[in-house]
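**Student:**
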């Protein structure tokens, strides 16, 4: 069981759930959306946008039962279910998305879209347009010629996908972490289209602290000699830099409690013989962390990490001159679920938006030792609150 | 005043003090200690150890009034006073060390020693033996051939310096951060020589979390193409890697509150025009952080950072098989001063040693927005407690 939890946590593509796999549930199929001449928030135009999306449940006749799930930084649109009965684990929020679950797919049509510049470029189930995509003007990967994209652009791509499906408004937008940024920005940008917002381990904006912290993730990549200012080829990628970045992200997303439990499992002690003897040897906990980061790096692209970090750094809900102005038009009731032990997007980051939206805002704290990841692997501790919030009539 | 605080904080070689400079105080002089064939904790023998030391106040006749100050990771033996009346700032703990201050130099002989592998290799006032020193066997810098050194070795070098001066026992050992590790290890290793211990922003041992966190500091250096497995020359040093490492250290040593105040000063907003337009441009807060790290890197050596990180990773007070055993022989009363807002060595890290030493241990928490650095720049908030602790008779 413990091993299973680690797998879930570190690969971040599965959730801890006690439910038996429902083998009679329909399998998930990845769909593709394409648009031409897509105008971005900063004014540049992408000649083509192609992204993957998937859905669970059935869209009702008047197309009023759609719930959009927006994914986290290292996540994908695979929020629930399995692509094949042989999949090792279902989508990351399977504990709360499914028939009879908190987000009940017998009632709702749940949809999720791969972000622009999705980091999991080499995951066979991910379809994205980003710096690793081919630039039609050069027939080579965009690299750093890819334009800067924002959380608003992820929202606008999702909006285009929904329009194509004829969905004019959303019963709710719900997401963890970077997904929470998208959820809140939806409510700010398109108040008439969003009936409810749930921000899990989110933020109202990227403050100076968070922007600096996100920058730390990008530094190891840019130091890797293979990076070549973003002009690397598939067979010579800056894997060491990407792995170092993921080591940092993995640690910041967890807690001392979690690491020290893992240390116990490994038999960690400060005075381990190898690192005491050789400066080039590592402690057991370091080797463990590096192994996990190496495994995560396999399907990921380093440049895409830089673009996602930038999108998060530029985030302020509403994408205006201030958070206050950005939230002024929000009409949707909101539910904030920060994690008490979060060291990455600390709980204080939702205090301001929660207060600004006070009349229609509710805040419940996630408890546990998983830090930021509490919102990915253990969000089901507030399953009842989520269901109640979704059932509440609005306007 | 604000600028002065930033200077103090970021260069970490000065303290915030409201006292007027006492121009009639004697200037500090750096002294040199050398020993041959110095056996290290891991069994290897250094052919030569040369370190700098300095002192404030006068050693009494029976040599019983000595207080040892042990310095932090990026610090030096310059704990108080000035080398020249023109110095921009005095030593880092000048607010508590001096005539009539918490550590009263009219009563005590206060001494501090540059650590082995001190990071400030190119600071004219620092004398150290480390990976940047010349290996007599090759007549080239040691690089990674320098043996792994531990907190215990720093303690043993200090012990040798004191022996040379005829000092058999210490009225107290006091240090912040890595210095707190040395202070506690002194009490564990040489219980008959240490009368009192003050651990400021310290730890009982490097737990799995802390060891992983320290490893993060080393990763950017090892990614820098100039690093060359540690075989770099003075005119081709891995400055970019070192700077990235210092950006991480600087942020972890501070707090969101501090960064967000700094952001206000800079006019930081998430949607700054340059980073929205170009992926290669940075936010104001990132530029600020990088400038500060670049300035700090000037006198520093990258390999030395790797060795200091390793010394801290290997730390368990007493350097035995467990903290419990390590502290079993401690006879000295101890005073722990963790910082409530510390994100680097979190306050929980002294809970266990404080509880283990319960009968003779006192714990007071530093309050403020400076995080880990509270113990460097604002330790004087517990000046009275320090004085009282030093005045208490023991045994």
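Protein chains in written order, with UniProt numbering: chain A, 1 to 395; chain B, 1 to 395. Ideal Cβ placement from N, Cα and C applies to all residues, glycine included. The model shown is predicted, which means the values in this text are computed figures rather than measured ones.
Under 8 Å Cβ-Cβ, which residues of chain A neighbour residue 148 of chain B?
**Tutor:** Per Cβ cutoff of 8 Å: 275, 276, 277, 278, 279.
**Student:** What residues are listed by DSSP as bridge partners for residue 142 of chain B?
**Tutor:** Beta-bridge pairing links residue 142 of chain B to no other residue.
**Student:** Going by alpha carbons, who is nearest to residue 273 of chain A out of B:319, B:115, B:46, B:257?
**Tutor:** Minimum Cα distance to residue 273 of chain A is reached at B:319.
**Student:** In the DSSP assignment, what are the bridge partners of residue 176 of chain A?
**Tutor:** For residue 176 of chain A, which the question treats as bridged, DSSP gives the partners A:200.
**Student:** In terms of residue numbering, what span does the beta strand (DSSP E) encompassing residue 47 of chain B cover?
**Tutor:** Run containing residue 47 of chain B: 45-56, per the beta strand (DSSP E) assignment.
**Student:** Rounded to whole angstroms, what's the CA-CA distance from residue 359 of chain B to residue 291 of chain A? Just pull it up for me.
**Tutor:** Each residue's Cα considered, the two are about 43 Å apart.
**Student:** Are three or more beta carbon pairs between the stretch 54-66 of chain B and the stretch 156-175 of chain B nearer than 8 Å?
**Tutor:** A contact exists between the stretch 54-66 of chain B and the stretch 156-175 of chain B.
**Student:** Of the residues that make up the stretch 181-214 of chain B, which ones have a beta carbon closer than 7 Å to any beta carbon in chain A?
**Tutor:** Listed by position along the chain: 205, 206, 207, 208, 209, 211, 212, 213.
**Student:** Tell me the residue span of the alpha helix (DSSP H) that contains residue 376 of chain B.
**Tutor:** Its alpha helix (DSSP H) spans residues 374-377.
**Student:** Ends of the beta strand (DSSP E) at residue 112 of chain A?
**Tutor:** Residues 109-113.
**Student:** Report buried or exposed for residue 21 of chain B, applying the criterion of at least 16 other Cβ atoms within 10 angstroms of its Cβ.
**Tutor:** Its pLDDT being 48, under 50, residue 21 of chain B is placed unreliably by the model, and nothing is read from it.
**Student:** Going straight from the alpha carbon of residue 36 of chain A to that of residue 311 of chain A, what length do you get?
**Tutor:** The alpha-carbon atoms of residue 36 of chain A and residue 311 of chain A are separated by roughly 21 Å.
**Student:** When you compare each of A:58, A:224, A:243 to residue 241 of chain B by their alpha carbons, which one comes out closest?
**Tutor:** That would be A:224, whose Cα lies nearest to the Cα of residue 241 of chain B.
**Student:** Between residue 21 of chain A and chain B, is any beta-carbon pair separated by less than 7 Å?
**Tutor:** Residue placement at residue 21 of chain A cannot be trusted, given a pLDDT of 48 that sits under 50; what the coordinates show is reported in the next sentence. It does not: the Cβ of residue 21 of chain A has no partner Cβ on chain B nearer than 7 Å.
**Student:** For the structure I just gave you, are there three or more beta carbon pairs, one from the stretch 129-146 of chain A and one from the stretch 45-56 of chain A, closer than 8 Å?
**Tutor:** Output reads yes: the stretch 45-56 of chain A touches the stretch 129-146 of chain A.
**Student:** What's the gap between the Cα of residue 195 of chain B and the Cα of residue 270 of chain A?
**Tutor:** Each residue's Cα considered, the two are about 26 Å apart.
**Student:** When you compare each of B:53, B:79, B:345, B:220 to residue 175 of chain B by their alpha carbons, which one comes out closest?
**Tutor:** Measuring from the Cα of residue 175 of chain B, the nearest candidate turns out to be B:79.
**Student:** Tell me which same chain residues have a C-beta within less than 7 Å of the C-beta of residue 375 of chain A, skipping the five on either side of it?
**Tutor:** Around residue 375 of chain A: 176, 177, 200, 201, 337, 339, 366.
**Student:** One question on the structure: do residue 105 of chain A and residue 166 of chain A come within less than 7 Å of each other, judged by their Cβ atoms?
**Tutor:** Not closer than 7 Å, so no.
**Student:** Does the distance from the CB of residue 103 of chain B to the CB of residue 113 of chain B come in under 7 Å?
**Tutor:** Contact flag unset, no.
**Student:** Along chain B, which residues have their Cβ under 7 Å away from the Cβ of residue 285 of chain A?
**Tutor:** By Cβ distance, chain B contributes 208, 211, 212.
**Student:** Please state the DSSP three-state secondary structure of residue 79 of chain B.
**Tutor:** The answer is coil: DSSP assigns residue 79 of chain B none of H, G, I, E or B.
**Student:** Taking the beta carbon of residue 85 of chain A as the centre, do at least 16 other beta carbons fall within 10 Å, making it buried, or is it exposed?
**Tutor:** Counting Cβ neighbours within 10 Å, residue 85 of chain A comes out exposed, since fewer than 16 surround it.
**Student:** Let me check one thing: in DSSP terms, what residues is residue 103 of chain A bridge-paired to?
**Tutor:** Paired residues: A:97.
**Student:** I need the DSSP call for residue 12 of chain B, collapsed to helix, strand or coil.
**Tutor:** Note that residue 12 of chain B scores 42 on pLDDT, short of 50, meaning its location in the model is unreliable; the coordinates nonetheless yield the value given after this. The answer is coil: DSSP assigns residue 12 of chain B none of H, G, I, E or B.
**Student:** Going along the chain, which residues of its own chain have a beta-carbon closer than 8 Å to the beta-carbon of residue 325 of chain A, five neighbours each way excluded?
**Tutor:** Result list for residue 325 of chain A: 318, in chain order.
**Student:** Answer yes or no: does any C-beta atom of chain A fall closer than 7 Å to that of residue 232 of chain B?
**Tutor:** It does not; no Cβ of chain A falls within 7 Å.
**Student:** Would you say residue 45 of chain A reaches chain B, if we count a Cβ-Cβ gap shorter than 7 Å as a contact?
**Tutor:** False, the Cβ-Cβ gap to chain B never drops below 7 Å.
**Student:** Identify the continuous beta strand (DSSP E) that holds residue 335 of chain B and give its terminal residues.
**Tutor:** Its beta strand (DSSP E) spans residues 334-337.
**Student:** Do you know whose CA, among B:115, B:97, B:116, B:118, lies nearest residue 108 of chain B's CA?
**Tutor:** Considering only alpha carbons, the answer is B:97.
**Student:** The alpha helix (DSSP H) with residue 211 of chain B in it runs from where to where?
**Tutor:** That run of the alpha helix (DSSP H) goes 208-223.
**Student:** What residues are listed by DSSP as bridge partners for residue 36 of chain A?
**Tutor:** Paired residues: A:48.
**Student:** Go ahead and label residue 26 of chain A buried or exposed: buried means 16 or more other beta carbons lie within 10 angstroms of its beta carbon, across all protein chains shown.
**Tutor:** So residue 26 of chain A ends up on the exposed side.
**Student:** How do the stretch 251-271 of chain A and the stretch 205-212 of chain B stand: do at least 3 beta-carbon pairs fall below 8 Å, yes or no?
**Tutor:** Cβ pair count under 8 Å is three or more, so yes.
**Student:** Within 7 Å of any Cβ in chain A, is that where the Cβ of residue 347 of chain B sits?
**Tutor:** So no, residue 347 of chain B is outside the interface.
**Student:** Could you give the C-beta distance for residue 300 of chain B and residue 121 of chain B, rounded to a whole number, given that I count them as a contact under 8 Å?
**Tutor:** The pair is a contact, with the Cβ atoms about 7 Å apart (cut-off 8 Å).
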